[in-house]
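Take a look at the structure set out below.
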Amino acid sequence: MKMNQRLGILTSGGDCPGLNAVIRAVVNHATLTYNWQVFGIPYATQGLLERQMIPLHMHSFDLRGIDPLLSMGGTILGSINKGNTLEEMDDILAGYAALELDALIAIGGDGSLTILSQLAAKGNWQFIGIPKTIDNDVALTERAVGFDTAVNTITDALNRLTFTAASHDRVMVVEVMGRGAGHLALHAGIAGGADVILLPEISYSLHNLCNHLAELRNRWQRRFAIIVVAEGIHAAQDEPISSDQKPTCGRGQYIADGIALCSPYPIDTRVSVLGHIQRGGIPSAFDRLIAAAFGKTAVDLIAKGCSNQMVAWQQGRVVSVPIDQMRELSPCPVDPNGDLVQTARALGIYVGE
Ligand code: F6P
Numbered sequence: 002m003k004m005n006q007r008l009g010i011l012t013s014g015g016d017c018p019g020l021n022a023v024i025r026a027v028v029n030h031a032t033l034t035y036n037w038q039v040f041g042i043p044y045a046t047q048g049l050l051e052r053q054m055i056p057l058h059m060h061s062f063d064l065r066g067i068d069p070l071l072s073m074g075g076t077i078l079g080s081i082n083k084g085n086t087l088e089e090m091d092d093i094l095a096g097y098a099a100l101e102l103d104a105l106i107a108i109g110g111d112g113s114l115t116i117l118s119q120l121a122a123k124g125n126w127q128f129i130g131i132p133k134t135i136d137n138d139v140a141l142t143e144r145a146v147g148f149d150t151a152v153n154t155i156t157d158a159l160n161r162l163t164f165t166a167a168s169h170d171r172v173m174v175v176e177v178m179g180r181g182a183g184h185l186a187l188h189a190g191i192a193g194g195a196d197v198i199l200l201p202e203i204s205y206s207l208h209n210l211c212n213h214l215a216e217l218r219n220r221w222q223r224r225f226a227i228i229v230v231a232e233g234i235h236a237a238q239d240e241p242i243s244s245d246q247k248p249t250c251g252r253g254q255y256i257a258d259g260i261a262l263c264s265p266y267p268i269d270t271r272v273s274v275l276g277h278i279q280r281g282g283i284p285s286a287f288d289r290l291i292a293a294a295f296g297k298t299a300v301d302l303i304a305k306g307c308s309n310q311m312v313a314w315q316q317g318r319v320v321s322v323p324i325d326q327m328r329e330l331s332p333c334p335v336d337p338n339g340d341l342v343q344t345a346r347a348l349g350i351y352v353g354e
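Residue 144 in this note's numbering sits at position 143 of the sequence shown, and the numbers go up by one each step.
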């Protein structure tokens, strides 16, 4: 792009901490280095359908000189978490043309980036994607914006629950997000000192889980336990409840009910569903760091004329990868034989099987 070109930016899919920090990085670099105009598209493709955009300037959100974008959760642009109908596709392309943008940067998960890159190919847009999701399941990047903050939030919750669990000899079951992937549960479970971590990627048995709790109690005199349950886990191998009695509750409650049925001794359980608390909050230092690095690199890729690429974090460096490749490999699950699962097991955490 040349001087005075028009760059669009949007956020798509579920929000997470760090989105505003990415927007800030893009606006600052595009303005200072390239003298481009940056426009925010509200509510992702909805904004394109409605031909809406907001001019974004450096420091325009400052409060007494403080830039809130760096530390504010959510997204100032708004986001949507639903797909568009086929009929809407042509209207989105027409909307993009009507806004007279020269290029677009989208911050999204694998689903949003895939759809937008397909639109970009159809409409001949110059397009760069930036990965974000607390689930951290976008392939080809070791980190997506938002994951680190969510891991910290869950770890903090586990710390808090540990003390109340220990005071009452209770088993605390904590259900965490992640959709079909267990990255959040695995990272936060290890960091937060969990005794059990259940993941969608590894099958487990209630019998083995209860044996593990009994061993904690009898061998190590640990009378309480912390169980982290990923929301996407499947039914236990030794499901004690017949399928017509299957609870319609969340997986955390299901595990609490299951161990109460299987345990040879009475267990006092409590369930916490962390829910959207995991999506809120002030972005961590690491999320701000990758937000800055991703935003800067995305702008440079546009300047170089690249398109349909996603910025990615690999071994401490920011690289770019084709969005088509990312799409083929996403969503990226936990490796059941990976270092972190082995680390958890080595530390005496029950991680299934
Ligand atoms: O993909 C991010 C995520 O937070 C998942 O972990 C969770 O299952 C889902 O979004 C919740 O989506 P919604 O905001 O639509 O309830």
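No residue lacks a Cβ here, since even glycine has one placed at the ideal position from N, Cα and C.
Output the distance between the C-alpha atoms of residue 219 and residue 174, rounded to the nearest integer angstrom. For the purposes of this step, residue 219 is identified with residue 218 of the sequence shown, where counting begins at 1. For the purposes of this step, residue 174 is identified with residue 173 of the sequence shown, where counting begins at 1. Distance between the alpha carbons of residue 219 and residue 174 is about 20 Å.
Tell me where the alpha helix (DSSP H) around residue 271 begins and ends. Against the sequence shown, residue 271 aligns to sequence position 270. Taken as a continuous stretch (DSSP letters only), residue 271 belongs to no alpha helix (DSSP H), being part of the beta strand (DSSP E) at 270-274.
Cutoff 6 Å; reference residue 115; Cβ partners in own chain excluding five residues on either side: In the sequence shown, residue 115 corresponds to position 114, counting from 1. 328, listed in sequence order.
Return the chain-ordered list of same chain residues with a C-beta closer than 8 Å to the C-beta of residue 8, the five sequence neighbours on each side being excluded. Numbered from 1 along the sequence shown, position 7 holds the residue referred to as residue 8. Result list for residue 8: 2, 27, 31, 37, 38, 39, 40, 102, 103, 104, 105, 106, 300 and 303, in chain order.
If residue 287 and residue 157 are in contact, beta carbons under 8 Å, what's the gap, nearest whole angstrom? As a working mapping, residue 287 is identified with position 286 in the sequence shown. As a working mapping, residue 157 is identified with position 156 in the sequence shown. That belief does not hold up - the Cβ atoms of residue 287 and residue 157 are roughly 15 Å apart, past 8 Å.
Using the beta-carbon count (16 or more within 10 Å), is residue 221 buried or exposed? Reading the sequence shown from its first residue, position 220 is the one you call residue 221. Exposed, because fewer than 16 other Cβ atoms sit within 10 Å of the Cβ of residue 221.
When we look at the beta-carbon of residue 266 and count the other beta-carbons within 10 Å, is it buried (16 or more) or exposed? Counting from one through the sequence shown, the residue named residue 266 turns up at place 265. Exposed, since its Cβ has fewer than 16 Cβ neighbours within 10 Å.
Measuring from the CB of residue 289, is there a heavy atom of ligand 1 at a distance below 7 Å? On the sequence shown, position 288 is the one that residue 289 refers to. No, the beta carbon of residue 289 sits no closer than 7 Å to any heavy atom of ligand 1.
Closer than 7 Å to a non-hydrogen atom of ligand 1 - does that hold for the CB of residue 136? On the sequence shown, position 135 is the one that residue 136 refers to. Yes, Cβ of residue 136 sits closer than 7 Å to a heavy atom of ligand 1.
Return yes when at least one heavy atom of ligand 1 lies under 7 Å from the C-beta of residue 79, else no. As a position in the sequence shown, residue 79 is number 78, starting the count at 1. No, ligand 1 has no heavy atom inside 7 Å of this Cβ.
Between residue 200 and residue 183, which are expected to be in contact by the criterion C-beta below 8 Å, what is the C-beta distance as a whole number of angstroms? Locating residue 200 in the sequence shown gives position 199, counting from the first residue. Locating residue 183 in the sequence shown gives position 182, counting from the first residue. Yes, they are in contact, since the Cβ atoms of residue 200 and residue 183 sit about 3 Å apart, within 8 Å.
What residues in its chain sit with their C-beta under 8 Å from that of residue 279, if we drop five residues either side in the sequence? For the purposes of this step, residue 279 is identified with residue 278 of the sequence shown, where counting begins at 1. The residues are 135, 151, 154, 155, 177, 178 and 185.
Straight-line gap, residue 121 to residue 159 (C-alpha atoms, nearest Å): Position 120 of the sequence shown, counted from the start, is the residue given in the question as residue 121. Position 158 of the sequence shown, counted from the start, is the residue given in the question as residue 159. Near 42 Å, if we compare the C-alpha coordinates of residue 159 and residue 121.
CA nearest to the CA of residue 276, picked from 306, 232 and 239: Stepping through the sequence shown from its first residue, residue 276 is reached at position 275. When only C-alpha atoms are compared, the closest one is 232.
Ordered along the chain, which non-local residues of its own chain (more than five positions away) have a Cβ less than 6 Å from that of residue 29? If you number the sequence shown from 1, residue 29 lands on position 28. For residue 29, where only same-chain residues beyond five positions count, the Cβ hits under 6 Å are 59.
Tell me which residue opens and which closes the beta strand (DSSP E) that residue 1 is part of. The requested residue 1 is not part of the displayed model; the chain covers only 2 to 354.
Assumed close pair residue 50, residue 124 - CB separation to whole angstroms, cut-off 8 Å: One-based indexing of the sequence shown puts residue 50 at position 49. One-based indexing of the sequence shown puts residue 124 at position 123. Contact doesn't hold; Cβ gap of about 13 Å is too wide.
Thinking C-beta only, is residue 147 closer than 8 Å to residue 13? Position 12 of the sequence shown, counted from the start, is the residue given in the question as residue 13. Position 146 of the sequence shown, counted from the start, is the residue given in the question as residue 147. No; because the gap between Cβ atoms is not below 8 Å, this pair is not in contact.
For residue 76, count neighbouring Cβ atoms within 10 angstroms of its own Cβ and tell me buried if that reaches 16, exposed if not. Residue mapping note: residue 76 aligns to position 75 of the sequence shown, counting from 1. The residue is buried, with at least 16 neighbouring Cβ atoms inside 10 Å.
Report the residue ranges of all alpha helix (DSSP H) runs contained in full by the stretch 144-181; include only those spanning at least 4 residues, in chain order. 148-169
Is residue 101 near ligand 1, with its Cβ less than 7 Å from a heavy atom? Numbered from its first residue, the sequence shown carries residue 101 at position 100. False, no ligand heavy atom lies under 7 Å from that Cβ.
DSSP three-state assignment for residue 251, whether helix, strand or coil: As a first step, residue 251 is located in the sequence shown; it is residue number 250 there, counting from the start. Correct three-state label for residue 251: coil.
Straight-line Cα distance separating residue 256 from residue 79: Numbered from its first residue, the sequence shown carries residue 79 at position 78. Numbered from its first residue, the sequence shown carries residue 256 at position 255. Rounded to the nearest angstrom, the two C-alpha atoms are 35 Å apart.
How about residue 137 and residue 70: do their beta carbons lie closer than 8 Å? Residue 137 sits at position 136 when you count from the first residue of the sequence shown. Residue 70 sits at position 69 when you count from the first residue of the sequence shown. It is not a contact, given that the beta carbons lie outside the stated cut-off.
For the stretch 310-317 against the stretch 288-299, are there 3 or more C-beta pairs whose distance is under 8 Å? yes
Residue burial classification, residue 133 (beta-carbon count within 10 angstroms, cutoff 16): Here residue 133 corresponds to residue number 132 of the sequence shown, with the count starting at 1. That one is buried.
For residue 83, count the other beta carbons within 10 Å of its own beta carbon; 16 or more makes it buried, fewer makes it exposed. Which is it? Within the sequence shown, numbered from 1, the residue matching residue 83 stands at position 82. Classification for residue 83: exposed.
Beta-carbon proximity of residue 345 to residue 187, cut-off 8 Å: The residue given as residue 345 occupies position 344 in the sequence shown. The residue given as residue 187 occupies position 186 in the sequence shown. It is a contact, given that the beta carbons lie within the stated cut-off.
Nearest-angstrom Cα separation, counted from residue 54 out to residue 45: Working through the sequence shown from its first residue, we reach residue 45 at position 44. Working through the sequence shown from its first residue, we reach residue 54 at position 53. Residue 45 and residue 54: Cα-Cα distance of roughly 10 Å.
Looking at the secondary structure, which residues open and close the alpha helix (DSSP H) in which residue 25 lies? Residue 25 sits at position 24 when you count from the first residue of the sequence shown. Taken as a continuous stretch (DSSP letters only), the alpha helix (DSSP H) holding residue 25 covers 20-35.
How many angstroms separate the CA atom of residue 223 from the CA atom of residue 15? Residue numbering aside, residue 223 sits at position 222 when the sequence shown is read from its first letter. Residue numbering aside, residue 15 sits at position 14 when the sequence shown is read from its first letter. Each residue's alpha carbon lies about 38 Å from the other.
With a threshold of 7 Å (Cβ to nearest heavy atom), would residue 173 be considered close to ligand 1? Taking the first residue of the sequence shown as position 1, residue 173 is located at position 172. Residue 173 Cβ: outside cutoff for every heavy atom of ligand 1.
DSSP three-state label for residue 315, please. For the purposes of this step, residue 315 is identified with residue 314 of the sequence shown, where counting begins at 1. Strand at residue 315.
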